[in-house]
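Asker:
Protein chains: 2
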Amino acid sequence: MARVAGNRTTIYDVAREAGVATSTVSRALANPGRVNAHTRQHIIEVAERLGYHTNPIARALPSGRTQTVALFVSDITNPHFFGIIRGAEQQTRAAGRTLILGDTEESPDLESGNIERLTGSVDGFVIAASRMSDEEIRELADRHRLTLISRQIDGVPSVIVDHEDGTRQIIEHLASLGHTSVAYLAGPRRSWIAAKRWQAIRATARQFGMRAARLGPFPPAVRGGAAAADAVFGHGATAAIAHNDLLAIGMLRRFADRGVRVPKDISVVGYDDIFGADFCSPPLTTLAGQFEEAGRLAVDLLLGARRSGSARATEIVLPSHLAIRQSTGPAQR
Amino acid sequence: MARVAGNRTTIYDVAREAGVATSTVSRALANPGRVNAHTRQHIIEVAERLGYHTNPIARALPSGRTQTVALFVSDITNPHFFGIIRGAEQQTRAAGRTLILGDTEESPDLESGNIERLTGSVDGFVIAASRMSDEEIRELADRHRLTLISRQIDGVPSVIVDHEDGTRQIIEHLASLGHTSVAYLAGPRRSWIAAKRWQAIRATARQFGMRAARLGPFPPAVRGGAAAADAVFGHGATAAIAHNDLLAIGMLRRFADRGVRVPKDISVVGYDDIFGADFCSPPLTTLAGQFEEAGRLAVDLLLGARRSGSARATEIVLPSHLAIRQSTGPAQR
DNA sequence: TTGAAAGCGCTAACAA
DNA sequence: TTGTTAGCGCTTTCAA
């Protein structure tokens, strides 16, 4: 056999030095209850003296547990995910686990490919803003521990930030400012959340007697803002609801370039309250949610839950609130 | 033995089905050259048919290679690191490896603890903005594959963004605007880059006949900005160089609150050109560097290099350039 | 070019 | 409570 990293202290060294069997060492270190307190103390001392550290790979092989969690985000470039990444990293670390991070680049194939590749290396997957179809996700959830962020599917544990009530807050706010026509600048076609947002906007706008139009889709990035701004300007709505803050910020810049005054000429609202939303110009009115918390809870759910399917899966909905800033104002005309 | 995840197809299944030995299957899949082309083709077909996927853990045990790279950042909350994380993730993925992400929360102990914990689980470590001492890092580099970002130590491979020339650009820019007194709003005491920046500022300022003062340290975050802004205002310098953009943006906000006009009353410069630096108010003049590239190169170095120590370690210095925006202007008085 | 077999470091059933 | 022992799934030497 190749002796590749052969220099590390192993459980055999500790066992020999302590005068016990390897299984006893294993137990002393992992199952404190199943071994004599004295023996245990002795073993621990020896292990310390020898600089012993459990080899996580060797432990994972027989046990099948790697103490590792994978998080996939659909676009690592989007600051929106930073909160989620942060929260997931914190919680994973707090649980003594390790976080693996992957970017799936808006591609459902990369999502499933990554899962395939990491199967066996991780104890479970957290997928934020999955672009896979409901069927694909359900099927994967059958074979793997899996929790979702910003996506809900029956039978699969998930954490989302409330979009219905949040969207109601947006529309209510705009209505109170006298707006009667809003445009939704849509996000990616495969985005579940984009579909939900539009549904909620349309339904709520109707309740408030407002007209609502969907324009796009646009790339949910700052660079998508120019086209989105032009589109909404051409459409004539007095209020624009962007799919996310990135797009909203891009629109703000385009409006500034074109001499369109925000919020005098047009009001702009975003979703997510990302870093920068409070200091762009003008500061952006946006729907804020606790995304770090979402990351934390998704990891909790993953580590706590048994394989989904049997019992009804937990679906967590976090509250959202509208951060009203200077990008929204009274309707003109 | 416990048969925990016993349902997956193994190399034994493939060997049996293909009528060959497991070693042949192993070779066919990993060492294409060392096996008959026909046999190989057959084995691959069988493997595919059986839905076989190599178990990465089982492969890692005898080989000692996990195909995994760990990246530690000193504060996952700081958008500055997002570029680095992105670049590292991309390059890791491109190399068919997996990225593990860790936050060390500005703590040298958490850094070394994390390394200890992950030893055996990863093939190497990339540490961005390490807070450990030179000695600690050198010692770790002796025993592990390790590359540094934003830190240089003899004998350890590293990638940094040029700070000397960059700082020269800043000072030159301020001098050309007629400033004769600058203040550096310092970053964390343990930060190598903070020390370097101050050295470069002081040296270059002297060349340009400017006075330079160091104030702080301040938390390198937006919340540190208020104290920093007040400090520089009290000091009387006409130009402020913040340790990073986060701090600079915080200062901008404080100045706005206090009615201090930027750049009329005071010029503000940052480092890093983070997301938001171009749309804060006023847009920030800042030293831009290719941090995604730094992340990519650090991973390259890690995967390409043999254990450091013997040959002279590679030290990459990426160029930087000053993004001049509206936060700097002619000196008053 | 292929197969047999040992072993990577650990866990856990079983027996003592 | 402890030891013996058989694996976990794979790689790699060695011999054929």
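One line per chain: the protein sequences are A and B, in this order. The first sequence begins at 1 in UniProt numbering and counts up one residue at a time. The second sequence begins at 1 in UniProt numbering and counts up one residue at a time. Just so you know, even glycine gets a beta-carbon here, dropped at the ideal spot from N, CA and C.
Just list the residues that DSSP pairs Glu315(B) with in beta bridges.
Answerer: For the purposes of this step, residue 315(B) is taken as residue 315 along the second sequence, with counting starting at 1. Ser158(B), per the DSSP bridge assignment.
Asker: If contacts are defined as beta-carbon pairs under 8 Å, then Thr104(A) and Val69(A) qualify, I think. What distance do you get, rounded to the angstrom?
Answerer: Numbered from 1 along the first sequence, position 104 holds the residue referred to as residue 104(A). Numbered from 1 along the first sequence, position 69 holds the residue referred to as residue 69(A). With a Cβ gap of about 16 Å, Thr104(A) and Val69(A) do not count as contacting.
Asker: Closer than 6 Å by C-beta to Phe291(A): which residues in its own chain qualify, once you throw out the five before and the five after it? Chain order, please.
Answerer: Reading the first sequence from its first residue, position 291 is the one you call residue 291(A). Gly83, Ile84.
Asker: Assign Gly270(A) to one of three DSSP states: helix, strand, or coil.
Answerer: Counting from one through the first sequence, the residue named residue 270(A) turns up at place 270. Correct three-state label for Gly270(A): strand.
Asker: Does the beta carbon of His243(A) sit closer than 8 Å to a beta carbon anywhere in chain B?
Answerer: Walking along the first sequence from the start, residue 243(A) turns up at place 243. Interface flag for His243(A) against chain B is unset, since no Cβ pair is found closer than 8 Å.
Asker: For a minimum of 4 consecutive residues, which ranges assigned as the alpha helix (DSSP H) are wholly contained in the segment 210 to 252 of chain A?
Answerer: 225 to 235
Asker: Work out the CA separation of Val159(B) and Gln152(A) for me, nearest whole Å.
Answerer: The count along the first sequence starts at 1 and reaches residue 152(A) at position 152. The count along the second sequence starts at 1 and reaches residue 159(B) at position 159. About 42 Å.
Asker: With distances taken Cα to Cα, identify the nearest neighbour of Gly259(B) among Asp230(B), Ala28(B), Leu297(B), Phe125(B).
Answerer: In the second sequence, the residue the question calls residue 259(B) occupies position 259. Closest option to Gly259(B), Cα to Cα, is Asp230(B).
Asker: Using 7 Å as the cut-off, classify the Cβ of Gln169(A) as near or not near the heavy atoms of the ligand SAM, replying yes or no.
Answerer: Questions concerning the ligand SAM fall outside what the structure shown contains, since it holds no ligand whatsoever.
Asker: With DSSP as the reference, please indicate the residues paired to Ile127(A) in a beta bridge.
Answerer: Translated into positions along the first sequence, residue 127(A) becomes position 127. In the DSSP assignment, Ile127(A) is bridged to Phe72(A), Leu148(A).
Asker: Compute the beta-carbon to beta-carbon distance between Ile149(A) and Ala298(A), rounded to the nearest angstrom, for a pair I have assumed lies under 8 Å.
Answerer: As a position in the first sequence, residue 149(A) is number 149, starting the count at 1. As a position in the first sequence, residue 298(A) is number 298, starting the count at 1. So it is a contact: roughly 5 Å between Cβ atoms.
Asker: Where does Tyr52(A) sit, in a helix, a strand or coil, going by DSSP?
Answerer: Translated into the one-based positions of the first sequence, residue 52(A) becomes position 52. Note: Tyr52(A) maps to coil in three-state DSSP.
Asker: Between the Cα of Ile249(A) and the Cα atoms of Ala237(A), Asp265(A), Pro220(A), which residue gives the shortest distance?
Answerer: To locate residue 249(A), count along the first sequence from 1; it is residue 249. That would be Pro220(A), whose Cα lies nearest to the Cα of Ile249(A).
Asker: Between the alpha carbons of Ser310(A) and Gly155(A), how many angstroms are there, rounded?
Answerer: Stepping through the first sequence from its first residue, residue 310(A) is reached at position 310. Stepping through the first sequence from its first residue, residue 155(A) is reached at position 155. For Ser310(A), the predicted model reports a pLDDT of 49, less than 50, meaning its position is unreliable and no value from the coordinates is stated.
Asker: Straight-line CA distance for Ser133(A) to Gly51(B)?
Answerer: Taking the first sequence and counting its residues from 1, the one referred to as residue 133(A) is at position 133. Taking the second sequence and counting its residues from 1, the one referred to as residue 51(B) is at position 51. So the alpha carbons of these two residues sit roughly 22 Å apart.
Asker: Can you look up Ile324(B) in the DSSP assignment and give me helix, strand or coil?
Answerer: Looking up residue 324(B) in the second sequence gives position 324. Looking at Ile324(B) - three-state DSSP - the assignment turns out to be coil, as it is neither helix nor strand.
Asker: So Glu48(B) contacts chain A; which residues on that side make the cut at Cβ distance below 9 Å?
Answerer: Counting from 1 along the second sequence, the entry for residue 48(B) is found at position 48. In chain order: nothing, as chain A lies at least about 13 Å away.
Asker: I'd like the span of the alpha helix (DSSP H) that includes Ile100(B), first residue to last.
Answerer: Counting from one through the second sequence, the residue named residue 100(B) turns up at place 100. Premise fails: Ile100(B) lies in the beta strand (DSSP E), 98 to 103, not in any alpha helix (DSSP H).
Asker: When DSSP labels each residue in this structure, what does Ser176(A) get in the three-state scheme?
Answerer: Reading the first sequence from its first residue, position 176 is the one you call residue 176(A). Reduced to three states, the DSSP call for Ser176(A) is helix.
Asker: Taking the CB atoms as reference points, tell me whether Gly124(B) and Pro56(A) lie closer together than 8 Å.
Answerer: Position 124 of the second sequence, counted from the start, is the residue given in the question as residue 124(B). Position 56 of the first sequence, counted from the start, is the residue given in the question as residue 56(A). No.
Asker: Per DSSP, what kind of secondary structure is Ser23(A) in: helix, strand or coil?
Answerer: For the purposes of this step, residue 23(A) is taken as the residue at position 23 of the first sequence. The answer is helix: DSSP assigns Ser23(A) an H, G or I state.
Asker: Can you find a C-beta in chain A that's less than 8 Å from the C-beta of Arg254(B)?
Answerer: Taking the second sequence and counting its residues from 1, one reaches residue 254(B) at position 254. False, the Cβ-Cβ gap to chain A never drops below 8 Å.
Asker: Anyone know if the C-beta pair for Ala194(B) and His243(B) falls short of 8 Å?
Answerer: Stepping through the second sequence from its first residue, residue 194(B) is reached at position 194. Stepping through the second sequence from its first residue, residue 243(B) is reached at position 243. Yes, they are a contact pair.
Asker: Within its chain, find whatever has a CB closer than 8 Å to the CB of Ala15(A); leave out the 5 residues flanking it on each side and keep chain order.
Answerer: Here residue 15(A) refers to the residue found at position 15 of the first sequence. For Ala15(A), where only same-chain residues beyond five positions count, the Cβ hits under 8 Å are Ala21, Thr22, Thr24, Val25.
Asker: Could you check where the beta strand (DSSP E) with Val299(B) kicks off and where it finishes?
Answerer: For the purposes of this step, residue 299(B) is taken as residue 299 along the second sequence, with counting starting at 1. First-last for Val299(B): 291 to 304, but that is the alpha helix (DSSP H), not the beta strand (DSSP E).
Asker: Taking the alpha-carbon positions, what's the Arg3(B) to Thr10(B) distance?
Answerer: Locating residue 3(B) in the second sequence gives position 3, where the first residue counts as 1. Locating residue 10(B) in the second sequence gives position 10, where the first residue counts as 1. No answer about Arg3(B) holds up, because its pLDDT of 34 lies below 50 and its placement is not dependable.
Asker: Starting from Leu284(A), follow the beta strand (DSSP E) in both directions and report where the run begins and ends.
Answerer: Here residue 284(A) refers to the residue found at position 284 of the first sequence. Counting along the chain, Leu284(A) falls outside any beta strand (DSSP E), and DSSP gives it neither H nor E.
Asker: Can the beta-carbon of Ala213(B) be found closer than 8 Å to that of Ala183(B)?
Answerer: Along the second sequence, one-based indexing puts residue 213(B) at 213. Along the second sequence, one-based indexing puts residue 183(B) at 183. Yes, they are a contact pair.
Asker: Of all the options Ser327(A), Pro319(A), Arg190(A), Met251(A), which has the alpha carbon lying nearest to the alpha carbon of Ala129(A)?
Answerer: Taking the first sequence and counting its residues from 1, one reaches residue 129(A) at position 129. Ala129(A) has its Cα closest to that of Arg190(A), out of Ser327(A), Pro319(A), Arg190(A), Met251(A).
Asker: Consider the Cβ of Ser281(B): report whether some Cβ of chain A lies at a distance smaller than 8 Å.
Answerer: Taking the first residue of the second sequence as position 1, residue 281(B) is located at position 281. Yes, contact with chain A.
Asker: Could you name the residues that DSSP lists as bridge partners for Leu118(A)?
Answerer: The residue you call residue 118(A) lines up with position 118 of the first sequence. Partner(s): none; Leu118(A) has no beta bridge.
Asker: How do the segment 57 to 66 of chain A and the segment 260 to 268 of chain A stand: do at least 3 beta-carbon pairs fall below 8 Å, yes or no?
Answerer: no
Asker: Just checking my contact of Thr167(A) with Thr204(A) at CB under 8 Å: how many whole Å lie between their CB atoms?
Answerer: Taking the first residue of the first sequence as 1, we reach residue 167(A) at position 167. Taking the first residue of the first sequence as 1, we reach residue 204(A) at position 204. Under the criterion of beta carbons closer than 8 Å, Thr167(A) and Thr204(A) qualify as touching, at roughly 6 Å.
Asker: Mind listing which residues of the segment 84 to 105 of chain B have their C-beta closer than 9 Å to chain A's C-betas, in chain order?
Answerer: Ile85, Arg86, Glu89, Gln90, Arg93, Gly96, Thr98, Leu99, Ile100, Leu101, Gly102, Asp103
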